[in-house]
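Asker:
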Amino acid sequence: MAFHLVKSCVKVWPKTTALSPAAPVPLRRFQIRFGIIIKGNDTTSIAPNRTSLFHYTTSVDKIPPISSSNTDGGRELLSMSDEKLMSQCEMDTYKSSGPGGQHRNKRETAVRLKHIPTGIIAQASEDRSQHKNRASALTRLRSLLALKVRNSIDLETYTPPPELLQVLPPKSTIRGSDCGPQIGHNNPKFVLGMQALLDLIFAVDGSVADAAKKLGLSTGALSRLILSDDSLRQAVNEFRASKGMKPLK
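Here the sequence shown is numbered in my numbering, starting from 81 and rising by one per residue.
1) According to the Cβ coordinates, are residue 297 and residue 273 closer than 7 Å?
2) So is residue 286 buried or exposed if we call it buried at 16+ other beta carbons inside 10 Å?
3) What are the start and end residues of each continuous beta strand (DSSP E) run of 3 or more residues lying completely inside the region 209-270, in chain order?
4) By DSSP's criteria, residue 206 is part of a beta bridge. Which residues make up the other side?
5) Between the Cα of residue 260 and those of 266, 242 and 271, spot the shortest distance and give me the residue it belongs to.
6) Between which two residues does the alpha helix (DSSP H) holding residue 164 run?
7) Return the bridge partner residues of residue 194 from the DSSP annotation.
8) Using three-state DSSP, classify residue 285 as helix, strand or coil.
9) Assign residue 211 to buried or exposed, taking buried as 16 or more other Cβ atoms, counted over all protein chains shown, within 10 Å of its Cβ.
10) Taking the C-alpha atoms as reference points, what is the distance between residue 321 and residue 313?
11) Between which residues of its own chain and residue 282 is the CB-CB distance below 7 Å, once the five residues before and five after are set aside?
12) Give the secondary structure of residue 309 by DSSP, where H, G and I count as helix, E and B as strand, and everything else as coil.
13) Does DSSP put residue 300 in a helix, a strand or coil?
14) Would you kindly check if the distance between the Cβ of residue 223 and the Cβ of residue 204 is under 7 Å?
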């Protein structure tokens, strides 16, 4: 499976030699619960004051979209078992910041995962258990893969995959009764539907109206679905902005 970066205007934080409120801080010197991981010139840094608490992961605005040369490459990644996905990752541990005194975390319980094929990084440091932080980081990595790895679509022969049908509201005219109840963002399968929806949005150049027609929904109904999840909304709006389109609100 091969991946390549899609051309994108990505601001990269330069390597710094002095710490200041406006400068990125080396990972092992500073830690926040849900920091944005940014690839620097020679180091991995956290940009301060740029955090967002989404349902699944940290902010995604610093990671360019990635296109899979395999039509179903991105979907295959999300379908992997935890063990197989972990085998594609580098794992680093470090000490998370916290209050001083006897309760200070003196062990390297925070976890950072880097997915080697895509370069996507996810982290977790909110728990004092390294095992739990590893599981949280892996969940966030799956979300970032869904948000940032695109599968190619042929619009002329397009049929929504089952994982996308499951996240659509019942009012969709193409959603059969065999799809079961609509699943929301708390369901682990939601990331598969989110990825499939973003694949379609990208294929129609950000047009919610065109995507809605393919899904048997009104433009308003699809907009409400997108706006129901913060990370999905941000990903769609960033792509629309790159096309000179207004954001969904």
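For glycine and all other residues, C-beta sits at the position ideal for the given N, C-alpha and C. As the structure is a computational prediction, the values presented were derived from the model and not from experiment.
Answerer: Looking at the coordinates:
1) No, the Cβ-Cβ distance between residue 297 and residue 273 is not below 7 Å.
2) Counting the other CB atoms within 10 Å of its CB gives residue 286 a total of 16 or more, which places it among the buried residues.
3) Counting whole runs of 3 or more residues, the region 209-270 contains no beta strand (DSSP E) stretch at all.
4) None; residue 206 has no bridge partner.
5) With distances taken between Cα atoms, residue 260 lies closest to 242.
6) Per DSSP, the continuous alpha helix (DSSP H) segment holding residue 164 begins and ends at 162-166.
7) According to DSSP, which records beta bridges pairwise, residue 194 is partnered with 170 and 201.
8) DSSP places residue 285 in coil when its eight states are reduced to three.
9) Looking at its Cβ environment, which holds fewer than 16 other Cβ atoms inside 10 Å, residue 211 is exposed.
10) Between the alpha carbons of residue 321 and residue 313 lies a gap of roughly 12 Å.
11) For residue 282, same chain residues with a beta-carbon under 7 Å away, outside a window of 5 residues either side, are 230 and 319 in chain order.
12) Coil at residue 309, not helix or strand.
13) In the structure shown, residue 300 sits in a helix (DSSP, three-state: H, G or I).
14) Cβ distance not < 7 Å, so residue 204 and residue 223 don't count as in contact.
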